[in-house]
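2 protein chains.
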Amino acid sequence: MKAKIDSQDLKTACANCNVHEICMPVGATPELLKKLDELVYIRRRIKCGAVLYHSGSHFHALYAVKSGFLKTENLHDDGRAQITGFYMSGEIFGFDGIATDAHICTSVALEDSEICVIPLDRVEHFNHGLEDLQHHFYKLMSREIVRDHTIMMLLGSMHSEERVAAFILNLSQRFHLRGYSPNNLILRMKREEIGSYLGMKVETVSRIFSKFQEQGLLEVHQKNILILDMPRLKNMIGHHPVK
Amino acid sequence: MKAKIDSQDLKTACANCNVHEICMPVGATPELLKKLDELVYIRRRIKCGAVLYHSGSHFHALYAVKSGFLKTENLHDDGRAQITGFYMSGEIFGFDGIATDAHICTSVALEDSEICVIPLDRVEHFNHGLEDLQHHFYKLMSREIVRDHTIMMLLGSMHSEERVAAFILNLSQRFHLRGYSPNNLILRMKREEIGSYLGMKVETVSRIFSKFQEQGLLEVHQKNILILDMPRLKNMIGHHPVK
DNA sequence: CGGCATCTTGAGTTGGGTCAATGGTCGTGG
DNA sequence: CCACGACCATTGACCCAACTCAAGATGCCG
Numbered sequence: 134m135k136a137k138i139d140s141q142d143l144k145t146a147c148a149n150c151n152v153h154e155i156c157m158p159v160g161a162t163p164e165l166l167k168k169l170d171e172l173v174y175i176r177r178r179i180k181c182g183a184v185l186y187h188s189g190s191h192f193h194a195l196y197a198v199k200s201g202f203l204k205t206e207n208l209h210d211d212g213r214a215q216i217t218g219f220y221m222s223g224e225i226f227g228f229d230g231i232a233t234d235a236h237i238c239t240s241v242a243l244e245d246s247e248i249c250v251i252p253l254d255r256v257e258h259f260n261h262g263l264e265d266l267q268h269h270f271y272k273l274m275s276r277e278i279v280r281d282h283t284i285m286m287l288l289g290s291m292h293s294e295e296r297v298a299a300f301i302l303n304l305s306q307r308f309h310l311r312g313y314s315p316n317n318l319i320l321r322m323k324r325e326e327i328g329s330y331l332g333m334k335v336e337t338v339s340r341i342f343s344k345f346q347e348q349g350l351l352e353v354h355q356k357n358i359l360i361l362d363m364p365r366l367k368n369m370i371g372h373h374p375v376k
Numbered sequence: 134m135k136a137k138i139d140s141q142d143l144k145t146a147c148a149n150c151n152v153h154e155i156c157m158p159v160g161a162t163p164e165l166l167k168k169l170d171e172l173v174y175i176r177r178r179i180k181c182g183a184v185l186y187h188s189g190s191h192f193h194a195l196y197a198v199k200s201g202f203l204k205t206e207n208l209h210d211d212g213r214a215q216i217t218g219f220y221m222s223g224e225i226f227g228f229d230g231i232a233t234d235a236h237i238c239t240s241v242a243l244e245d246s247e248i249c250v251i252p253l254d255r256v257e258h259f260n261h262g263l264e265d266l267q268h269h270f271y272k273l274m275s276r277e278i279v280r281d282h283t284i285m286m287l288l289g290s291m292h293s294e295e296r297v298a299a300f301i302l303n304l305s306q307r308f309h310l311r312g313y314s315p316n317n318l319i320l321r322m323k324r325e326e327i328g329s330y331l332g333m334k335v336e337t338v339s340r341i342f343s344k345f346q347e348q349g350l351l352e353v354h355q356k357n358i359l360i361l362d363m364p365r366l367k368n369m370i371g372h373h374p375v376k
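Sequence order for the protein chains is H and C.
In terms of our numbering, the first sequence is residues 134 to 376.
In terms of our numbering, the second sequence is residues 134 to 376.
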């Protein structure tokens, strides 16, 4: 079976899925790269606004974004929602489902997207005889945990202006990593979704964008953000007179 | 080597470390239990207030709490801190270090504790030939991610009273799981630490405890909490007039 | 062009923070 | 055994960052 997907197929997979870009730490061996390519050969298209998986649905795979943009959100009984993450090309998500074999959050595409489906049991089977793939997935999950802790810090101990600054900078870095300009972002989510992610209301998000624009930090045109003063934006974080 | 630690040693390990209690999902095979026991035979004592690992220090192992109580916290440059978790007997932590081979947060004991050291490479080596140990650790990490998402929800979209109620209920459940009374908790952390975890100030935590006491939900004596009206406490979450 | 969703802005309110003072508890040493 | 001091928790008075409500503005799609 392994032999069936090789050479040409593998090349296609490699071309189709940039999963290693995501996640590739330094010093990846050719074997690991090959394994990753073999893993990600199942693809799927998803329309803007469509749901990839629902909270409560059976878990069977992780997802790597080939192109597009998605969110994951936790829904509370009373209608409140918390967006737990935005995922762009090269990033992987869905780890929350492993614990109980059911997805805890709901994943929705914020634009037409193409994703790679990575069944978890394939990851586990592929590990035989080689440990680095296993270790690689531990790393990916650990990265998700670190990311979540960062957001907890943001939600728990930062002011709304700092949160927005941190959010923009984070997006900027991620776009930059993928070869796009770090200064010119197109937000794929609406203001309300930014608010949900950052623990604040739409109006506050909007006001802060306006304020940053007045201060010459950003230029905001709808979903188009131009970062004008990166150093000052960075300086906004952690220099607030908190006590 | 496997043969060396068997029978008696294994029994000791089992007696010393209740790691499977932590983490044991339903239907654990005897093989998995045995493997877990073999994993956790390294122990370590740590005094109240002492640091288990520092942010930035080299990562080499996960930790399972045998007895006692610990916290993990993220420190920001400007002195602000965010507690990312409290861990009690039977729980496992330290996953944040895997991503970069360095601990991101700092772990401190909140009372004299005994912990089991679980070197990650041992976990990975032990996996050979059997997949369920690997899967088990994926589950543990996934559980941590789910937990983090819950806290993000709490911090991002709940009022301070709801947060405190959720916090108490969560502790209650965890104590209950370990065989203690679900109604009578001893808080191992101080008010300020609760505040840091829940994204609010000491004074607010204190006021809410007092308020809950006035309302007949709790009886608060220092670090001793008696839950008087569990249903009403549960009802506090998610029934706020948000909008 | 009209209808609908999203975004922005203003005015007023409030939940939770800040500051300050008091009260408890515990450990230590005389 | 008590007295002292350090630390922690509580409470009150005041304030401000962010929320609520409401009205327009803008953009998008059929």
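All C-beta atoms, glycine included, are put in the ideal place defined by N, C-alpha and C.
- A buried status is given to Gln215 of chain C, since no fewer than 16 other beta-carbon atoms sit within 10 Å of its beta-carbon.
- Distances from the alpha-carbon of Ile301 of chain H to those of H:Gly201, H:Met369, H:Gln267 and H:Gly227 put H:Met369 closest.
- With respect to the 8 Å criterion, Leu266 of chain C and Phe259 of chain C are classified as neighbours on the basis of their beta carbons.
- The Cβ atoms of Ser293 of chain H and Ile248 of chain H lie no closer than 8 Å to each other.
- For the set C:Val353, C:Met274, C:Val338 and C:Gly230, the Cα lying nearest the Cα of Glu295 of chain C is the one of C:Val338.
- Annotation: Val279 of chain H to Ala232 of chain H spans about 18 Å, alpha carbon to alpha carbon.
- Of the candidates C:Asp170, C:Ser188 and C:Ser200, the residue whose Cα lies closest to the Cα of Phe308 of chain C is C:Ser200.
- Rounded to whole angstroms, Glu347 of chain H and Tyr313 of chain C show a C-alpha spacing of 57 Å.
- When the Cα atoms are used, Leu243 of chain H and Leu320 of chain H turn out to be separated by approximately 10 Å.
- For Val198 of chain C, the pairing in a beta bridge is given by DSSP as C:Ile248.
- Between Tyr196 of chain C and Phe219 of chain C, the C-beta spacing is not below 8 Å.
- Against Asn207 of chain H, the close residues of chain C are His282, Thr283, Met285 and Met286, in the order they occur along the chain (beta-carbon pairs closer than 8 Å).
- Contacts with chain C at 8 Å (Cβ-Cβ) do not include Gln348 of chain H.
- Under DSSP, Tyr330 of chain C takes part in no beta bridge, so it has no partner.
- In the DSSP assignment, Glu336 of chain C falls within the unbroken alpha helix (DSSP H) covering Val335 to Glu347.
- Between Met291 of chain H and Leu288 of chain C, the gap from beta carbon to beta carbon reaches 8 Å or more.
- Under DSSP, Lys204 of chain C forms a beta bridge with C:Phe219 and C:Val241.
- Burial is judged here by how many other beta carbons sit within 10 angstroms of a residue's own beta carbon; Leu359 of chain C has fewer than 16 and is exposed.
- Scanning its chain for C-beta atoms nearer than 7 Å, with the 5 sequence neighbours on each side dropped, one finds around His191 of chain H the residues Asp234 and Ala235, in chain order.
- In the three-state reduction of the DSSP assignment, Tyr174 of chain H falls in the coil class, being assigned neither a helical nor a strand state.
- Thr239 of chain C sits close to Leu208 of chain C, with the two beta carbons spaced by under 8 Å.
- Put simply, of C:His282, C:Ile237, C:Lys356 and C:Ser305 the residue whose alpha carbon is nearest the alpha carbon of His193 of chain C is C:Ile237.
- When the Cα atoms are used, Ile327 of chain H and Val198 of chain H turn out to be separated by approximately 20 Å.
- With 16 or more neighbouring CB atoms inside 10 Å of its own CB, Gly230 of chain H falls in the buried class.
- For His354 of chain C, the enclosing beta strand (DSSP E) stretches over residues Leu351 to His354.
- Exclusion of the five residues before and after Asn317 of chain H leaves Leu359 as the residues of its chain whose Cβ lies within less than 6 Å of its Cβ.
- For the segment 292-319 of chain H, the beta-carbon criterion of a distance under 8 Å to any beta-carbon of chain C is satisfied by none of its residues.
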